[in-house]
Amino acid sequence: MSSSDGAAESQVEVVATGLDHPEGPALRDDGSLAFVETRRSQVSVWSRRGGVGLLADTGGSPNACAVGLDGVYLTQSGGGFGGWQPRVEAPPSIQCIHADGSVRIVVSGAAGRTLRAPNDLCFADDGYLYFTDPGRDFFAPENGVVFGIAAGAEPVVIDVGDTFPNGVVALGKGAIAWVESYTRRIMHRGANGDITRVATLPAGHVPDGFAVATDGTYVVASMGSGGLDVVAADGTYLDFLATGQRPLNCAFVDGGIVVACDPDPNLEPQELGCLLHVAVSLSGAEIYRGK
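Counting the sequence shown from 1 gives a position; this note's numbering is that position plus 1.
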């Protein structure tokens, strides 16, 4: 794995362009990658062989994907951002795209709380679907929540305060981790409910989404840094991989990691988003599909 001495630049390949705020990539069983294009109100699919194609129109403001046993799940944050508004409204919710292309709302609330702007999501090995809900205002966050839901089980509610909880990943054995954009922290929650801080990223490295490797290493897409922060499971800062773009989220694929990038959403023109492939020596941890 190359570091920020410049060697990492030669390992970065642009694999898709012309995207409109790509976010939340998730690896599918066939090796393709599902991801949202928020400003197109859709979920798209990318593969080496087929390029980019449409999976489904979702309406609203989709933000991230997770592949389940019965379809592709996504966080639907509802309204617009950066001056953009969706043409077709959708309530803040968790949605599911089924094999026939139909889209349904799974939940629009949990534990008696109405969802405000769900952000990222993942299935855990215990069957729970975890997702973050930081609220709508990135610049004035309040009362961020990490939820967990499962059929026939009590919901999990983790109140994390004014931290803007963003990306979330499953670690196995009932554990999860999430990043907080406002504190720049990686947080860990064990199966027993204990919450600990793993690490705090350097100043200016604002975490958005992230992925976890088989050895527990975190690879964090950090806005403003122009690259990926690599942090060991014990919190040791290992490396920085420069991408030369504004990374938002990432997912492991064969031979590396794919990074969804987009410029500042307040800039014009739009459709400047892209997917990058970064060659790394790490491989992705087991991906859970729910129960």
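By construction, the Cβ of each residue, glycine as well, lies at the ideal position given by its N, Cα and C atoms. Small disclaimer: the values here were computed from a predicted structure and weren't measured.
task: Quick one: residues in its chain with C-beta nearer than 7 Å to the C-beta of ILE150, no 5 flanking neighbours on either side, listed in chain order?
output: Numbered from its first residue, the sequence shown carries residue 150 at position 149. VAL108, ALA111, TYR129, LEU130, PRO156.
Neighbourhood of GLY145 by C-beta distance below 8 Å, restricted to the same chain and skipping five residues each side: The sequence position of residue 145 within the sequence shown is 144, counting from 1. Excluding positions up to five away in sequence, the list reads THR133, ASP134, PRO135, GLY136, ASP160, VAL161, GLY162, ASP163, THR164, PHE165, PRO166, GLU181.
message: Measuring straight from C-alpha to C-alpha, what distance separates VAL260 and ASP195?
response: As a first step, residue 260 is located in the sequence shown; it is residue number 259 there, counting from the start. As a first step, residue 195 is located in the sequence shown; it is residue number 194 there, counting from the start. Cα to Cα, VAL260 sits roughly 30 Å from ASP195.
message: Please report the distance separating the alpha-carbon of ILE288 from that of ASP30.
response: Position 287 of the sequence shown holds residue 288. Position 29 of the sequence shown holds residue 30. Between ILE288 and ASP30, the C-alpha separation is close to 10 Å.
task: Pull up the CB-CB distance for SER223 and PRO264, whole angstroms please, since I reckon it's below 8 Å.
output: As a working mapping, residue 223 is identified with position 222 in the sequence shown. As a working mapping, residue 264 is identified with position 263 in the sequence shown. Going by Cβ atoms, the distance from SER223 to PRO264 rounds to 15 Å, so no, they are not a contact pair.
query: By how many angstroms is the C-alpha of LEU122 removed from the C-alpha of PHE36?
result: In the sequence shown, the residue the question calls residue 36 occupies position 35. In the sequence shown, the residue the question calls residue 122 occupies position 121. Distance between the alpha carbons of PHE36 and LEU122: 12 Å.
- prompt: Which value, in whole angstroms, describes the spacing of the CA atoms of ALA125 and ILE177?
  reply: As a position in the sequence shown, residue 125 is number 124, starting the count at 1. As a position in the sequence shown, residue 177 is number 176, starting the count at 1. Within the model, the alpha-carbon separation for ALA125 versus ILE177 is close to 8 Å.
message: Is it buried or exposed, GLY61, if we count other Cβ atoms within 10 angstroms and call 16 or more buried?
response: For this step, residue 61 is matched to residue 60 along the sequence shown. Classification of GLY61: buried, given that the 10 Å Cβ count is 16 or more.
task: List the DSSP bridge partners of ALA204.
output: Translated into the one-based positions of the sequence shown, residue 204 becomes position 203. Beta-bridge pairing links ALA204 to no other residue.
query: Hey, would you say VAL15 sits closer than 9 Å to CYS251, going by beta carbons?
result: Residue 15 sits at position 14 when you count from the first residue of the sequence shown. Residue 251 sits at position 250 when you count from the first residue of the sequence shown. Not closer than 9 Å, so no.
message: Considering only heavy atoms of the ligand ATP, does any lie closer than 8 Å to the CB of PRO248?
response: You won't find the ligand ATP in this model; it holds no ligand whatsoever.
field: DSSP state of ARG117 mapped onto helix, strand, coil
entry: On the sequence shown, position 116 is the one that residue 117 refers to. Reduced to three states, the DSSP call for ARG117 is coil.
field: CA-to-CA distance, VAL279 to ILE258, given in whole angstroms
entry: Sequence index remark: in the sequence shown, residue 258 carries index 257 (1-based). Sequence index remark: in the sequence shown, residue 279 carries index 278 (1-based). Roughly 5 Å between the two C-alpha positions.
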